[in-house]
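This report refers to the structure that appears directly beneath it.
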Amino acid sequence: MTTIKTFATALGATLGLLGAGYAQAQTVLKVHYPMPGFFKDVMADISQAFMRENPDVSIEFVAPSPTYEDGLQLLLRQANSANQPDISFVGFNRLRVIDERGLAVDLTPFIAEEADIAAEGFSPRLLDLAKVGDHQLGLAFAASTPIMYYNADLLREVGGDPENPPDTWDEVIEYGGRIAALGNGVQGIDFRWQGDDWMFMALVLGDGGRMMSEDEKSVAFAGPEGQAALELIERMRREGGMPVFTKAAGEQAFVSGKVGFAFQTTGALRNTINNVGDKFDLRTAPLPLLDAERGKLPTGGNAIVMLTRDPAKQQAAWRLMKFAAGPYGAATVVPGTGYVPTNTLAAQSPDYLGDFYPANPLFQAGLDQMDAMVPWYAFPGANGVRITQAIVDRLAALVELRATPAETLDGMRADVERLLPRR
Amino acid sequence: MSESLASPSSTLSRRLSAPARRQARSEALSGWILASPAMALMAMLILAPMLAVVWFSLTDYQLGYPGAIFIGLENYRALLDDPLFLTSLGNTLLYTAIVAPLSVALGLGAALLIESETRGRAFFRTVYFLPVASLLVAMATVWQYLMHPQIGMINQMLALVGLEGRNWLGSSDTVLWSLAAIGVWQSVGFNMVLFLAGLTAIPRELYAAARIDGAASAWQRFRLVTWPLLGPTTLFVLVISVINAVKVFETVKTLTEGGPNKASEVLLYTIYQEGFSYLQVGYASAMTVVFLAILMVAMLIQYLVINRRTHYQ
Chain A
34 MTTIKTFATA LGATLGLLGA GYAQAQTVLK VHYPMPGFFK DVMADISQAF
84 MRENPDVSIE FVAPSPTYED GLQLLLRQAN SANQPDISFV GFNRLRVIDE
134 RGLAVDLTPF IAEEADIAAE GFSPRLLDLA KVGDHQLGLA FAASTPIMYY
184 NADLLREVGG DPENPPDTWD EVIEYGGRIA ALGNGVQGID FRWQGDDWMF
234 MALVLGDGGR MMSEDEKSVA FAGPEGQAAL ELIERMRREG GMPVFTKAAG
284 EQAFVSGKVG FAFQTTGALR NTINNVGDKF DLRTAPLPLL DAERGKLPTG
334 GNAIVMLTRD PAKQQAAWRL MKFAAGPYGA ATVVPGTGYV PTNTLAAQSP
384 DYLGDFYPAN PLFQAGLDQM DAMVPWYAFP GANGVRITQA IVDRLAALVE
434 LRATPAETLD GMRADVERLL PRR
Chain B
121 MSESLASPSS TLSRRLSAPA RRQARSEALS GWILASPAMA LMAMLILAPM
171 LAVVWFSLTD YQLGYPGAIF IGLENYRALL DDPLFLTSLG NTLLYTAIVA
221 PLSVALGLGA ALLIESETRG RAFFRTVYFL PVASLLVAMA TVWQYLMHPQ
271 IGMINQMLAL VGLEGRNWLG SSDTVLWSLA AIGVWQSVGF NMVLFLAGLT
321 AIPRELYAAA RIDGAASAWQ RFRLVTWPLL GPTTLFVLVI SVINAVKVFE
371 TVKTLTEGGP NKASEVLLYT IYQEGFSYLQ VGYASAMTVV FLAILMVAML
421 IQYLVINRRT HYQ
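Laid out in structure tokens, this is it:
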């Protein structure tokens, strides 16, 4: 061991004498990321490209976490310890947890130092995605919105035109009902209400509503927008041919060609394409909005955040963050997943994704709704994540037709008020 | 601790001569020295984590915040009026009440059938044991397909005989029963192996003796010989089945995530959510202590009953 070390030191010294470029100290960045199934290749690609351009920095990956939740656990456990990673990737809806515990470095000063951050492809709207209050907690790395997947064969069979798919919810329900009437186990709609509050939020924001009041003191979704969202879900169930699916069951039924419309994240696009194969004519379209004028959509995905407090490391980390969230990073992430580019330069330039979209029209739906993207709202306080689950549970009762939309909305409001921090 | 353990030897030593006393003491000492590595490991790996859980359960510790405040039994009091915890406890008990007796009965049945016939014994033993050896998370995915409301094989077979299928995992009426069915499927093989071991320990002469004494039918011989002599095995299998059923987690996590609307929420999943998603380590620890208490009661019952009732030798 000692011999190897001595040898390495000697080798290093010799190399240092040979080339002055190698003499500068290496900054080592420890990088952690979740969901290796999605991101392993992407991360390897980005880190190699970055180290080629920045020979003074070397990237070390710590073992990736299987899910966003596991990743967050790891960050919280290792907070302020020697094992803490310098950089990590955190789900948009968990940034608030990180912020409340003061874990991530606020990037505002780094952005202020840049000559023109918007010219580097980071528009204010994209920066907002990773903002909590006035803390810039990270840079959006992978971003997604809910889109409409549809089975063009089934739509054609009931007299619809796949080239002009439904763009209002009324039409969706109309065609969904007709598709379900085909029988033989075919269903109209799979709407991904399970798991988290994201799709419910998409309907509320899509009607121009918001989840909480500006000061976060009162529930804002319990008005007409929330009512409209829940009535819509009930109509999908009663008229649109939506059965009670578990998440996995819905996915399987759609890729088997047994469902007309599926509403879920554009992030699942690559997997859906692979699973459908040539079983049927798969198409995508933007998510219909209840209010086409004022409607917005919550943004899923993750942001790259800085955890290191060491100034030298911070400089290197900031460079890596801009690179990963920059055009090169975006052009690597998008084709492999279905996420939308988090950098304005990537989408337009033919060097990056300019040629990708015309050749891959299924990816266009997500890109088309980028103007409607707003941050995924996370509820405040220690019960923030629990509120999400409470909303899902209420939705389950509605979908099982055990509660009316009005009862569901009242229940949701009561749950959220009970779980909000008391001030 | 060492004082209380040393005291019996000191009463003993009063009656012994000086050299004998010295020898007894040095024997006790070497005993402690020899046992100490195992005891240290046990303290570090089993007792310390359990004490840590008990300690956390008395605080309001949340992951990621620096300090924790001692709040006494507040977490336990909160558990009593937490509807989610009570639902979860109820579901776990119902699940256990379905899975444990069924898997014991079917395990016993399979063992008796295999034992009574020599042909293909190894084959059937292997087949029944396969679910135990397979990875439950992977098998859960297979069950997910089988129980799919549209494309699932179970509903398609029901349709062949003109029956209407159910939404096995998607409806809150059926979800716990569907999970219980998977639980039974998984544990029958394990119970069968334990029963087979118990059956081979029964002396053949007893059956011959029973026959001579007039136990003509197989049922009589089962009731008079097999069943009483399997008593200790049955109790052991029952306790193991209860413990395994209370510990149900993988199928819930992979198939239903406790839903719909908490219909399949079980203890371990609630603890997992509380600790890992909601980051409330203190509260999750209190649930863990309750969970451990249930398991300990099950083991205690087994210990007491075995000591009292099931000795035949």
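Chains A and B, in that order, are what the protein sequence lines are. Each residue of the first sequence is one higher than the one before, counting from 34 in the working numbering. Each residue of the second sequence is one higher than the one before, counting from 121 in the working numbering. Beta carbons are placed, not taken as given, at the ideal position from N, Cα and C, and that holds for glycine.
Here Val-224 of chain B has Asn-311, Thr-354, Val-357, Leu-358 and Ser-361 as same chain residues with Cβ atoms under 8 Å from its own Cβ, once five neighbours each way along the sequence are excluded. Flagged as an interface residue toward chain A: Asn-381 of chain B, by a C-beta distance shorter than 7 Å. A:Pro-413 is the residue among A:Lys-73, A:Val-425 and A:Pro-413 whose C-alpha sits nearest the C-alpha of Glu-249 of chain A. DSSP, reduced to helix, strand and coil, places Asn-416 of chain A outside both helices and strands of the structure shown, so it counts as coil. The Cβ of Asn-311 of chain B sits no closer than 7 Å to any Cβ of chain A. Where Met-159 of chain B is concerned, the enclosing alpha helix (DSSP H) starts and stops at 138-162. Ile-271 of chain B belongs to the set of residues whose beta carbon lies under 7 Å from a beta carbon in chain A. For the pair Pro-198 of chain A and Ala-318 of chain A, the CB atoms are nearer than the 7 Å cut-off.
Ala-112 of chain A sits in coil when the DSSP states are folded into three classes, being neither helix nor strand. Nearest CB-CB separation between Asn-287 of chain B and chain A: below the 7 Å threshold. Contact of Leu-109 of chain A with chain B by beta-carbon distance below 8 Å involves Leu-183, Gly-184 and Leu-399.
Excluding sequence positions up to five before and after Pro-69 of chain A, its CB lies within less than 7 Å of the CB of Pro-97, all in the same chain and listed in chain order.
DSSP places Pro-383 of chain A outside both helix and strand once states are collapsed to three, so it counts as coil. Residue environment for Ser-150 of chain B: exposed (fewer than 16 other C-beta atoms within 10 angstroms of its C-beta).
Rounded to whole angstroms, the separation of the alpha carbons of Leu-412 of chain B and Tyr-196 of chain B is 14 Å. Nearest to Ala-185 of chain A by alpha-carbon distance, out of A:Ala-163, A:Gly-239 and A:Lys-291, is A:Lys-291. Fully contained in the region 192-269 of chain A are the following beta strand (DSSP E) runs of length 3 or more, in chain order: 220-224. Between the region 368-385 of chain B and the region 175-183 of chain B there are fewer than three inter-stretch CB-CB distances shorter than 8 Å, so the stretches are not counted as touching.
The continuous beta strand (DSSP E) containing Phe-174 of chain A extends over residues 172-177. For the set A:Gln-59, A:Ala-363 and A:Lys-329, the Cα lying nearest the Cα of Ala-336 of chain A is the one of A:Ala-363. Proximity of chain B to Ser-289 of chain A at the Cβ level (cut-off 7 Å) is accounted for by Ile-271, in chain order. Ala-82 of chain A and Tyr-361 of chain A do touch by the CB rule: their CB atoms are close to 6 Å apart, below 8 Å. Residue burial is scored here from C-beta neighbours: Arg-343 of chain B has fewer than 16 other C-beta atoms within 10 angstroms and is therefore classed as exposed. Along the region 279-306 of chain A, the positions whose C-beta sits under 7 Å from a C-beta of chain B are Thr-279, Ala-281, Ala-282, Gln-285, Ala-286, Ser-289 and Lys-291, read in chain order. Taken atom to atom, the span from the alpha-carbon of Arg-158 of chain A to that of Asp-404 of chain A is near 9 Å. For Phe-396 of chain B, the chain A residues whose Cβ falls inside 7 Å of its Cβ are Glu-102 and Gln-106, in order along the chain. Secondary structure of Thr-332 of chain A (DSSP, three-state): strand. The straight-line gap separating the alpha-carbon atoms of Thr-371 of chain B and Ile-274 of chain B is approximately 18 Å.
Taking 7 Å as the cut-off, the Cβ atoms of Ser-298 of chain B and Trp-288 of chain B count as close. DSSP, read as helix, strand or coil, puts Val-130 of chain A in helix. By the CB criterion at 7 Å, Val-61 of chain A and Phe-94 of chain A fall outside the cutoff. His-65 of chain A is bridged by DSSP to A:Ser-121.
The shortest CA-to-CA distance from Gly-334 of chain A to any of A:Arg-127, A:Arg-352 and A:Leu-108 is the one to A:Arg-127. For Gly-209 of chain A against Met-269 of chain A, the beta-carbon gap comes to about 7 Å, under 8 Å, which counts as contact. In the DSSP annotation of this structure, the continuous segment of the alpha helix (DSSP H) that includes Leu-278 of chain B starts and ends at 273-280.
Using a Cβ-Cβ cut-off of 7 Å, Gly-402 of chain B does not count as an interface residue toward chain A, since no Cβ of chain A sits closer than that to its own.
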